[in-house]
Amino acid sequence: MWKRYRTLRAISAAVAGGTLISMAPATALGEPASTGLSRFYGQQITWAPCDVPAPPGVPIDFWKQQWAGMDCGTVLVPMNYRDPGGRALEILVTRVKAKDPAKRQGSLVVNPGGPGVSGVFFPKMLAGRSAAAESFDIIGFNPRGTRFSKDELHCAVSDQEPTRPTRPTDAQLAVIVEEARQREEGCRQAGGELRQHISTANTARDMDLVRAAMGERKINYLGLSYGTYLGAVYGSLFPGKLNRSVLDSSMHPDWSYYEAARTQGIAIRQSVDAWTAWVAQRHGTYQLGTTAQEVRAAVEKLREQLERTPVPWVGGPPDITHVDGDLLDSIVGNEAPNRPRWDVLARLVIQFQHALTSGALTQDTANAMKILMSDNAPRTENGVFDAVICERDWPADLNEYLRQMRTFREQYPFGEGAMSAAPTACTFRSFTPPERPVNLRRSGYPTGLVVQAEFDPATKYEGGRAMARKLRNHLITVLDDGSHGLYARNDCVTRQIDDYLIHGTLPPKTSTCAGAPRPDVPADGQQTGASTTGGSLAEQLKSLAKRYPGPLGSQTA
1 MWKRYRTLRA ISAAVAGGTL ISMAPATALG EPASTGLSRF YGQQITWAPC DVPAPPGVPI
61 DFWKQQWAGM DCGTVLVPMN YRDPGGRALE ILVTRVKAKD PAKRQGSLVV NPGGPGVSGV
121 FFPKMLAGRS AAAESFDIIG FNPRGTRFSK DELHCAVSDQ EPTRPTRPTD AQLAVIVEEA
181 RQREEGCRQA GGELRQHIST ANTARDMDLV RAAMGERKIN YLGLSYGTYL GAVYGSLFPG
241 KLNRSVLDSS MHPDWSYYEA ARTQGIAIRQ SVDAWTAWVA QRHGTYQLGT TAQEVRAAVE
301 KLREQLERTP VPWVGGPPDI THVDGDLLDS IVGNEAPNRP RWDVLARLVI QFQHALTSGA
361 LTQDTANAMK ILMSDNAPRT ENGVFDAVIC ERDWPADLNE YLRQMRTFRE QYPFGEGAMS
421 AAPTACTFRS FTPPERPVNL RRSGYPTGLV VQAEFDPATK YEGGRAMARK LRNHLITVLD
481 DGSHGLYARN DCVTRQIDDY LIHGTLPPKT STCAGAPRPD VPADGQQTGA STTGGSLAEQ
541 LKSLAKRYPG PLGSQTA
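Under full-length UniProt numbering, the first residue of the sequence shown carries the number 1, and numbering increases by one thereafter.
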């Protein structure tokens with residue numbers, strides 16, 4: 001999922017204290033004879049059952065189970081495609097073979113997003129929830145520099161938790177800027193020469209070497225979140241090597257990473273407004289207000305109280321000991337896009353109100369909080385996120401960030417709040433990317449499919465619509481839904497994607513699917529509907545998780 005770093009990300013348009021080098025246009029660099037890549041394109045991958053050492057502290061049996069049923073292999077790629085005779089990197093590739101060899105149609109390469117997320121577990125997740133697994137070998141890979149890489153990219157960071165308030169004071173704004181500067185220095189120190197070669201274009205080139213090593217003339221592709229941009233870049237660089245393509249919850253093809261980050265806060269606010277309106281229509285159930293404005297005021301009052309008197313959270317994550325105003329902002333922002341959980345969110349607000357009086361969370365509330373925190377655990381790793389989002393320029397004017405953060409703390413405080421508009425390591429970028437971002441286009445490969453939820457909080461709906469137009473792909477819109485990642489979650493979407501991948505049948509150029517339903521809690525004055533409110537919050541969350549599973553990429557080990 002394309003989402004801001006939990007530690008601190010930072011990025012800028014100007015190089016701070018470095019020698020400027022010219023940025024060449026991105027090209028495929030994929031003709032072995034003319035580019036010196038023949039030794040890489042001549043590889044053949046050797047598949048074997050996965051045997052990856054368990055990280056320290058991870059039980060061996062659990063670790064082996066994560067890899068069970070998959071084959072592993074490695075492919076060598078040049079660190080610098082403009083100097084293929086130099087240092088080489090090793091890319092880990094995973095495979096779940098087609099369940100029905102007689103129906104096999106080739107390979108489906110998949111990527112769960114990020115950037116900075118390993119895709120090696122994605123084939124196993126997909127194989128258990130996708131009809132396409134009958135007809136395709138599902139192929140995952142470890143993008144250069146990410147977890148499980150021998151050449152893992154790191155940032156040297158402080159052990160101190162970074163400053164990430166949703167509504168920072170002016171004094172905290174200065175600290176946030178300085179921490180972004182320090183983040184860049186830490187990434188520069190630890191990243192070495194590798195860092196400037198971590199980019200979407202180079203990952204796409206690595207994908208083509210994986211394709212060649214598998215002996216495939218063409219690949220099919222399914223990408224989620226940032227993986228949609230990676231797929232679009234691959235198709236632009238290697239149009240003759242791409243067959244069917246699905247872009248699920250797409251990034252905007254033209255927005256900068258800073259624009260994309262800010263739109264997350266805006267999209268979350270839209271869902272919060274929809275939730276407050278829904279709760280207001282059920283004042284008899286929740287007693288939080290009869291209008292959306294009154295419900296929002298109740299949430300704001302609760303936040304002020306929690307900020308003054310945080311409620312202890314016994315048994316919570318090590319770095320979260322109390323429920324305070326920032327945590328409330330985060331919970332409201334993370335849960336409001338999830339329509340089926342609207343009742344749970346309203347009841348959590350009520351439980352927090354009660355906790356202010358009692359001085360403690362109920363055990364059920366604490367258990368529910370653990371579930372919510374595990375759902376929203378960050379998955380971005382190491383320094384890859386910082387490197388990739390630096391491939392596009394960020395504003396160099398620090399005053400612009402300060403203006404934006406002040407706006408966001410007032411108007412869009414939920415979820416990441418003002419941090420959606422904060423500087424990142426890239427604001428102080430210490431290197432110049434060796435090439436410009438790829439000019440996206442579809443010329444030479446078949447029409448693909450873009451799927452986007454109307455209220456996607458991570459990649460705003462406008463991004464999917466723009467990507468479909470840019471590539472002249474077909475677009476499925478999922479109405480009144482705040483999901484990020486729709487394949488194998490929404491039956492209507494899944495049927496159409498499977499039909500396209502397996503049979504090549506595209507839905508109409510634009511079509512819609514219904515989103516996940518809102519809770520069946522009757523509005524005031526309605527006699528229909530059987531209320532689902534009441535009972536254990538934790539058990540309700542577990543039940544909802546079974547009925548509406550999270551996105552495929554959210555279950556990476």
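Positions of the beta carbon are idealized from the N, C-alpha and C atoms, including for glycine.
* **Close beta carbons around THR290, own chain, < 7 Å, minus the five adjacent residues each side** => By 1-based counting over the sequence shown, the position of residue 290 is 290. Taken in chain order, the residues that qualify are ALA280, HIS283.
* Own chain, CB closer than 6 Å to residue 576, minus 5 neighbours either side, in chain order -> There is no way to answer for residue 576, as the model of the chain reaches only from 1 to 557.
* To do: Measure the C-alpha to C-alpha separation of TYR226 and GLY114 and round it to an integer number of angstroms.
  => In the sequence shown, counting from the first residue as 1, residue 226 sits at position 226. In the sequence shown, counting from the first residue as 1, residue 114 sits at position 114. Answer to the nearest angstrom: the Cα atoms are 6 Å apart.
* To do: Check whether the Cβ atoms of THR163 and ASP329 lie closer than 8 Å to each other.
  => The residue labelled residue 163 in the question sits at position 163 within the sequence shown. The residue labelled residue 329 in the question sits at position 329 within the sequence shown. Contact: no.
* Asked: Who are the near neighbours of ASN202 in its chain, counting only those whose CB is closer than 7 Å to its CB and skipping five residues on each side?
  -> Sequence index remark: in the sequence shown, residue 202 carries index 202 (1-based). Cβ neighbours of ASN202 beyond the five flanking positions: TYR81, ARG144.
* Using the beta-carbon count (16 or more within 10 Å), is PHE62 buried or exposed? -> Within the sequence shown, numbered from 1, the residue matching residue 62 stands at position 62. Label assigned to PHE62: exposed.
* What residue from SER511, SER38, PRO437 has the CA that sits closest to ALA213's CA? -> By one-based count along the sequence shown, residue 213 stands at place 213. For ALA213, the nearest C-alpha among the options comes from SER38.
* Asked: In three-state DSSP terms, what is VAL120?
  -> Indexing the sequence shown from 1 puts residue 120 at position 120. The answer is coil: DSSP assigns VAL120 none of H, G, I, E or B.
* Identified DSSP bridge partners for PHE141 -> Against the sequence shown, residue 141 aligns to sequence position 141. According to DSSP, PHE141 bridges with VAL93.
* Can the beta-carbon of ARG409 be found less than 8 Å from the beta-carbon of ALA418? -> One-based indexing of the sequence shown puts residue 409 at position 409. One-based indexing of the sequence shown puts residue 418 at position 418. Yes, they are a contact pair.
* Nearest to VAL246 by CA position, among LEU209, GLY240, MET369, VAL109, is which residue? -> Within the sequence shown, residue 246 is the residue found at index 246, counting from 1. That would be VAL109, whose Cα lies nearest to the Cα of VAL246.
* Excluding the 5 residues preceding and the 5 following ALA336 in the sequence, name in chain order all residues of the same chain whose CB lies nearer than 6 Å to its CB. => On the sequence shown, residue 336 is found 336 positions in, with the first residue counted as 1. Once the five neighbours on either side are set aside, the close Cβ partners of ALA336 are SER271, VAL272, TRP275.
* To do: Please confirm whether GLY515 and ARG339 have their CB atoms less than 8 Å apart.
  => As a working mapping, residue 515 is identified with position 515 in the sequence shown. As a working mapping, residue 339 is identified with position 339 in the sequence shown. For GLY515 and ARG339, yes; Cβs fall inside 8 Å.
* Under 8 Å by Cβ, that's how I've got VAL311 and VAL295 pegged, so tell me the actual separation to the nearest angstrom. => Looking up residue 311 in the sequence shown gives position 311. Looking up residue 295 in the sequence shown gives position 295. VAL311 to VAL295, Cβ: 21 Å. No contact.
* Measure the CB-CB distance between GLY85 and GLY36 and report whether it falls below 8 Å. => Locating residue 85 in the sequence shown gives position 85, where the first residue counts as 1. Locating residue 36 in the sequence shown gives position 36, where the first residue counts as 1. Cβ distance < 8 Å, so GLY85 and GLY36 count as in contact.
* To do: Using the Cα positions of SER483 and THR477, report the straight-line distance between them to the nearest angstrom.
  => Position 483 of the sequence shown, counted from the start, is the residue given in the question as residue 483. Position 477 of the sequence shown, counted from the start, is the residue given in the question as residue 477. One C-alpha to the other measures close to 11 Å.
* Simplified DSSP assignment, three categories, for GLN452 -> Taking the first residue of the sequence shown as position 1, residue 452 is located at position 452. Three-state result, GLN452: strand.
* Spell out a yes or no on whether the segment 395-414 and the segment 260-268 are touching, meaning 3 or more CB-CB pairs, one atom from each, closer than 8 Å. => yes
* To do: Kindly indicate the opening and closing residues of the beta strand (DSSP E) around ASP100.
  => Residue 100 sits at position 100 when you count from the first residue of the sequence shown. Neither: ASP100 is in no beta strand (DSSP E) and is coded neither H nor E.
* Residue environment, ASN334, which counts as buried when at least 16 other CB atoms sit within 10 Å -> To locate residue 334, count along the sequence shown from 1; it is residue 334. Buried: at least 16 other Cβ atoms inside 10 Å.
* Proximity of residue 594 and LEU398 at Cβ, strictly below 8 Å -> Residue 594 lies beyond the residue range present for the chain, which begins at 1 and ends at 557; the question has no answer from this structure.
* State the CB to CB distance for the pair SER118 and ILE139, rounded to an integer number of angstroms; the pair is presumed to be in contact (CB under 8 Å). => Residue 118 sits at position 118 when you count from the first residue of the sequence shown. Residue 139 sits at position 139 when you count from the first residue of the sequence shown. Contact flag wrong, Cβ pair sits at about 14 Å.
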